[in-house]
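**Q** I have a structure I would like to understand better, so I am pasting it below and will then ask my questions one at a time.
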Amino acid sequence: MKTYFVPAAEDSPLWWILLKIFLQTTIFWGLFLFVIPGGLVWLEQLWGEIHFHFSGQRILGIVLFVLGGSLGLMSGAIMGIYGRGTPLPLDSARQLVIVGPYRYVRNPMAIAGLTQGIAVAFYVGSWLTLIYVIIGFFLWNYYVRPIEEHDLLLRFKEEYSDYRRAIRCWIPRIRGYDPPVKKAHNRD
């Protein structure tokens, strides 16, 4: 399997990496959390009111959006600071990131994005948006994730392999992951 990931330039200053992450996040949130769900809500209205309603759904939507957004922003910032790259494949992290939320779950950004998608679906009561999020989960889990993990295995080898064995993709660990300490070779 070919890799499509290109590590970020080594001489990029941290402020530039974080600015790119902020701009990428703005574009992704705009498209995947507002434009596409907005189009789906428009379709539902065109077909007739097929929205769902339950007590507290808008509050739940807001809370989930803030929680997911906070996790996503923190994960992106940590990737920039510790990985010295962005979440995008053409500007990916140069270092394997195993700090912050990455110590507990392999891809907190995917969890954050899906949580925000569910939050939007709850807030507007949209069945199509909920289906869109479920399809997004399956696409990410069975198409994008294997490509991303293949790249990480090629670039970070045993370090990523150990991490992948210890950390689940979707269900966080109770205790954070501590990478095994590499023994120095004694040349006496």
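Those letters in the sequence shown? Residues 121 to 308, by the working numbering. Just so it is clear, CB atoms sit at the ideal spot from N, CA and C, and this is done for glycine as well.
Who are the near neighbours of V217 in its chain, counting only those whose CB is closer than 8 Å to its CB and skipping five residues on each side?
**A** Residue numbering aside, residue 217 sits at position 97 when the sequence shown is read from its first letter. Cβ within range, chain order: I198, M199, Y202, G203.
**Q** Counting contacts by CB-CB distance shorter than 9 Å, is L248 in contact with chain B?
**A** The structure shown contains no chain B, having only a single protein chain.
**Q** Quick check on S212: does DSSP put it in helix, strand or coil?
**A** On the sequence shown, residue 212 is found 92 positions in, with the first residue counted as 1. The answer is strand: DSSP assigns S212 an E or B state.
**Q** For S246, collect the residues of the same chain with a Cβ closer than 7 Å to its Cβ; drop the 5 residues on either side in sequence, then sort them by chain order.
**A** If you number the sequence shown from 1, residue 246 lands on position 126. Cβ within range, chain order: P157, L160, V161, E164, H171.
**Q** For R222, count neighbouring C-beta atoms within 10 Å of its own C-beta (all shown protein chains included) and say buried if the count is 16 or more, exposed if not.
**A** On the sequence shown, position 102 is the one that residue 222 refers to. Just to set this straight, residue 222 is Tyr in the shown sequence, not Arg. Burial call: buried.
**Q** For P266, which beta-bridge partners are listed by DSSP?
**A** Sequence index remark: in the sequence shown, residue 266 carries index 146 (1-based). Paired residue(s): none; P266 is not in a bridge.
**Q** Only counting the same chain, and skipping five residues up and downstream in sequence, which positions put a Cβ closer than 7 Å to that of Y280?
**A** If you number the sequence shown from 1, residue 280 lands on position 160. Excluding sequence neighbours, Y280 sits near L216, L272, L273.
**Q** Does E268 pass the burial test, meaning 16 or more other C-beta atoms within 10 Å, or should it be called exposed?
**A** Numbered from its first residue, the sequence shown carries residue 268 at position 148. With 16 or more other Cβ atoms within 10 Å, it is buried.
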